[in-house]
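Before any comments, here is the structure.
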Amino acid sequence: MGKTLEFEQGPIRPPNEARSFLLRITRNCPWNQCLFCPIYKNRKFSLRTVEEIKQDIRTAREMADDIEAISVKLGDKGRTTDQVINQIFNSSGYSNAYRSLAAWLYYGTKACFLQDADNLVMKTADLVEVLEFLKEKFPEISRVTTYSRARTIVRKSVESLKKIRKAGLNRVHVGLETGYDPLLKLVKKGVTGAQHIDAGQKVLKAGMELSEYVMPGLGGQGLWKEHAEATANVLNQINPHFIRLRSLRVPERVPLREMVEAGELQMQTDDMLAEEVRVFIENLDGINSTVTSDHMMNLLEGVSGKLPGDKEKMLDVIRKYQELPDTERLVYRFGRRGGAYRSTDDLKTDAVTYEKIENLIRELKAKGGMAEVEKTINEMVDQYV
């Protein structure tokens, strides 16, 4: 059997790619200077060779065939069932990559995410060769996705991007973060708002889906409004398929922490963030993007929907939070950061949880006042960075 089989996987993927086949194309990040990102610091970027990647694809195919054989042996006719998964996950010796691939087969997403941070930095011909080989070995895959940087994309021609799309790359995730040039420079993003627009439009012209990531809170208390308005303006000119919100968090391992500790960046409170997101959503205009808040770092998961039709619904989610009495807002914040709540509506549906959170807040206040409560809330959410 294939217990010893292994292929290389990187450290992260977008939350919505949790059930995708994860295949590492490049290692780490070729830019690696953004002050808000802790992921690849002290790690050197490198391109993997086409042959290395092809060998990993062959190994993954061998794993998939091996898992099918396990299924047949167990009487499940080649399907990756609960029984198959239990055998693989409860037996010693299987690699993490093997278990990851088994989970992918179990969920049946037919999606593949290419790691790490910026795979369009590869030569077009090399990436096309990899994608065509992936399609040959895994014809069942219907969606292939990657991260890339706007600065890299603008260096590619639309013709090159179309070749990559034809070879199988369906969707690109881009970290927009902000459209405000002074803030892009401050956090060392290495790109301008105009380049973000150019890159996004090129991806769309090539026929790919585009996800743009926005970072509420990045402007701190000083630049929040400029950040919100300029970012919405850039997105209005791109009209991406998806706008994904990822609120700023700055635990100790994030380089931006030095600016926070030096007083150069004053973090937004949750209430301030809610107002910032309101201004951002209000300024999105003339586009039909899907907005998602699919990460625990976001206070209001319900700020999600399809523009323009769901705009008022998203704004109502924010208003409902802003109109809560102070006590209920604090309980919601605590419960949300601790994973108990997904919506302010949850405050009314579970009296037991509400009472438990109230008691916890009371105990923390007795120990160290509101500072202790805020410290606990921050520690809970920072674990998701």
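Each residue of the sequence shown is one higher than the one before, starting from 29 at the first, in the working numbering. Ideal Cβ positions, reconstructed from N, Cα and C, are used throughout, including at glycine.
In the structure shown, Ser-128 falls within a helical segment according to DSSP collapsed to helix, strand and coil. In its chain, beyond the 5 residues on either side, Gly-245, Gly-248, Gln-249, Leu-276, Val-278 and Val-288 have a beta carbon closer than 8 Å to the beta carbon of Met-295.
Using a 10 angstroms sphere on the CB of Glu-168, the tally of other CB atoms stays under 16, which defines it as exposed. Just so you know, the alpha carbons of Asn-261 and His-224 end up roughly 11 Å apart. In the DSSP assignment, Tyr-360 falls within the alpha helix (DSSP H) that extends over 354 to 365. Rounded to the nearest whole angstrom, the C-alpha separation of Leu-159 and Ile-81 is 10 Å. Taking C-beta atoms under 8 Å as the contact rule, Ile-266 and Gly-228 qualify, at a distance of about 4 Å. Excluding five sequence positions before and after Lys-191, the CB atoms of its chain that fall closer than 7 Å to its own CB belong to Thr-152 and Val-156, given in chain order. Beta-bridge pairing by DSSP links Ser-170 to no other residue. In this structure the stretch 301 to 318 does not touch the stretch 279 to 286; the number of beta carbon pairs closer than 8 Å is below three.
Looking at the DSSP output, Gln-350 shares a beta bridge with no other residue. Nearest Cα to Asn-316 within the set Phe-270, Leu-358 and Leu-328: Phe-270. Going by beta carbons, Gly-330 and Thr-372 fall inside the 9 Å limit. Nearest C-alpha to Leu-204 among Tyr-369, Asn-264, Gly-196 and Cys-140: Asn-264. Beta bridge pairing from DSSP links Gln-143 with Arg-52. In the three-state reduction of the DSSP assignment, Thr-152 falls in the helix class, which pools H, G and I. When the Cα atoms are used, Ala-130 and Asp-93 turn out to be separated by approximately 10 Å. Close CB contacts of Pro-210 within its chain, under the 8 Å cut and outside five residues either way in sequence, are with Leu-251 and Glu-254 (chain order). Thr-355 counts as exposed, since fewer than 16 other beta carbons sit within 10 angstroms of its beta carbon.
Per the Cβ contact rule, the stretch 137 to 151 is in contact with the stretch 170 to 179 (3 or more Cβ pairs under 8 Å). As computed with DSSP, Arg-272 is found in a beta bridge with Tyr-241 and Thr-320. For Cys-57 against Val-215, the beta-carbon gap comes to about 14 Å, at or over 8 Å, which does not count as contact. Per DSSP, Leu-211 is one residue of the alpha helix (DSSP H) stretching across 209 to 214.
For the pair Ala-139 and Phe-49, the CB atoms are nearer than the 9 Å cut-off.
In this structure Ala-368 is in contact with Ile-385, their Cβ atoms being roughly 7 Å apart against a cut-off of 8 Å. Here the alpha carbon of Asn-406 sits roughly 16 Å from the alpha carbon of Phe-64. Beta-bridge partners assigned by DSSP to Gly-333: Val-319.
Nearest to Asp-410 by alpha-carbon distance, out of Ser-332, Pro-353 and Leu-327, is Leu-327. A distance below 8 Å between beta-carbons, with the five flanking residues on each side excluded, links Asp-322 to the following residues of its chain, in chain order: Pro-43, Asn-44, Arg-272, Glu-329 and Ser-332. The C-beta of Pro-268 has 16 or more other C-beta atoms within 10 Å across all chains shown, which makes the residue buried.
In terms of CA proximity to Lys-184, Val-231 leads the group Thr-206, Gly-207 and Val-231. The beta carbon of Gly-366 sits closer than 6 Å to the beta carbons of Met-408 from its chain, once the five residues preceding and following it are set aside; these are given in chain order. Cβ-Cβ distances below 8 Å link Ile-98 to Met-29, Val-112, Gln-115 and Ile-116 in the same chain, with the five nearest sequence neighbours on each side left out; the list follows chain order.
Contact between Asn-198 and Glu-257 is ruled out by a C-beta separation of about 31 Å, above the 8 Å threshold. Between Thr-259 and the set Lys-213, Tyr-208, Ala-290 and Asp-226, the nearest pair of CA atoms involves Tyr-208. In the structure shown, Leu-75 adopts extended strand secondary structure according to DSSP, grouped into three states.
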